DNA sequence: GGAAGTTAGTTGCATATGTAACTAGTGTCA
DNA sequence: TGACACTAGTTACATATGCAACTAACTTCC
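Protein chains in written order, with our numbering: chain A, 3 to 177; chain B, 3 to 177.
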């Protein structure tokens, strides 16, 4: 951090060169969001990764099923914002470890109804409080006012970028 | 509903079951950060991905070199928060496309001094304004007050999670 | 009722990425 | 000077992931 000087050989800082403010990576919102998201994920995975050797997709499935009880894979994906293949693989992983079970839906045999096994629920009940404590620690000392503003902006960014991302996909599909 | 017996028919919402607030994925900060970061990245990559067929790591190298002019790979990695292998591969990619050049540092032959070629700079000068406009659009309509609060919290989260993430790595190394 | 279209979920394939090992060059200390 | 420790950068390998194709099951519409 704070390596602004870097290699200042001939390495002249580039001047804005044109009207608007120059693009500085460390202030560029998409970059900053990615950095903070990956750092937070990495720190959090210390809690569940080390204890139970699961990854982010498995974690999300576990939490989703812990929250809803019984769900189809598709619903898990929708709720946890994961591609269906990711869900499929995470579920397979958790199934192999006997943390998640599935039974057929007799009303629609294409889908399986997923749920935590007792062992899976035990893991969930062990991890959830730690995860919540972690999230609370992260925000510790942030005033309620800032906190609310942060939530608002985060929600706005999510909504807007979701719209733009979908547009991008549609554009590609329409080709 | 506190059934150890798992499979509860009919997808009942699970009650908190214990004291603290239940863990709800859609409100869980690490999850939300990951979602927004990936959506924003996806939307942004529409700008540089479609136009020049480059990915996030290449984009970061391009911007970093555009900003600093000449740098070593290590410095690029430090500034853009990328693993050295990622930098190495991104640079190789950009070099293949003649957007980045390298020359040896005669004072230390281990490192190469990287910089944009004229073609690379042209790409940078074309993309940077669009990227900045994109970031501005994202935040459009956010009041300066909320904006400042958002920045503050984002910085705090980054710093804190960086500390925790480093701890996690050290712990693994020390084992 | 059944052909055509749609959907849930899995798998094949190509790509991306992190870890560890490696190469080559530099610094240190005796 | 020369062994040892360290560093910049690359590569090998295993894993993760997204897309596309696929299977099996459901729905529509005639």
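C-beta: ideal position from N, C-alpha, C; glycine also.
Note that the structure is predicted; figures quoted are calculated from it, not measured.
Tell me the residue span of the beta strand (DSSP E) that contains residue i.
i	result
residue 74 of chain B	72-74
residue 103 of chain A	102-106
Check the Cβ-Cβ distances between residue i and every residue of chain B, and say whether any is below 7 Å.
i	result
residue 59 of chain A	no
residue 14 of chain A	Bear in mind that a pLDDT of 43 at residue 14 of chain A, under 50, signals an unreliable position, so the model cannot answer this.
residue 166 of chain A	yes
residue 106 of chain A	no
residue 65 of chain A	yes
residue 5 of chain A	With a pLDDT of only 37 at residue 5 of chain A, under the threshold of 50, the placement of this residue in the model should not be trusted, and no figure is reported.
residue 38 of chain A	yes
residue 35 of chain A	yes
residue 80 of chain A	no
residue 155 of chain A	yes
residue 111 of chain A	no
residue 159 of chain A	yes
residue 175 of chain A	The predicted model places residue 175 of chain A with a pLDDT of 49, which falls under 50 and marks its position as unreliable, so this point remains unresolved.
residue 132 of chain A	no
residue 25 of chain A	yes
residue 83 of chain A	yes
residue 41 of chain A	yes
Taking only beta-carbon atoms, is residue i less than 7 Å away from chain A?
i	result
residue 119 of chain B	no
residue 8 of chain B	Note that residue 8 of chain B has pLDDT 36, beneath the 50 cutoff, so the model's placement of it is unreliable and no number is given.
residue 146 of chain B	no
residue 125 of chain B	no
residue 138 of chain B	no
residue 44 of chain B	yes
residue 94 of chain B	no
residue 31 of chain B	yes
Which residue marks the beginning of the alpha helix (DSSP H) containing residue i, and which one marks its end?
i	result
residue 27 of chain A	Looking at the DSSP string, residue 27 of chain A is not in any alpha helix (DSSP H), and its letter there is neither H nor E.
residue 51 of chain A	31-54
Would you list the one or two residues that DSSP bridges to residue i?
i	result
residue 118 of chain A	A/102
Looking at residue j and residue i, is the spacing between their C-beta atoms short of 7 Å?
i	j	result
residue 101 of chain A	residue 121 of chain A	yes
residue 45 of chain B	residue 166 of chain A	yes
residue 144 of chain A	residue 155 of chain B	yes
residue 67 of chain A	residue 127 of chain A	no
residue 49 of chain A	residue 132 of chain A	yes
residue 33 of chain A	residue 125 of chain A	no
residue 90 of chain B	residue 104 of chain B	no
Could you give the C-beta distance for residue i and residue j, rounded to a whole number, given that I count them as a contact under 8 Å?
i	j	result
residue 111 of chain B	residue 75 of chain B	No, residue 111 of chain B and residue 75 of chain B are not in contact; Cβ-Cβ is about 14 Å, not under 8 Å.
residue 40 of chain B	residue 58 of chain B	Their Cβ separation, rounded to whole angstroms, is 11 Å, which puts residue 40 of chain B and residue 58 of chain B out of contact at 8 Å.
residue 27 of chain A	residue 62 of chain B	7 Å
residue 134 of chain B	residue 25 of chain A	6 Å
residue 60 of chain B	residue 80 of chain B	Between residue 80 of chain B and residue 60 of chain B the Cβ distance is about 17 Å, and since that is not below 8 Å, they are no contact.
residue 152 of chain A	residue 152 of chain B	5 Å
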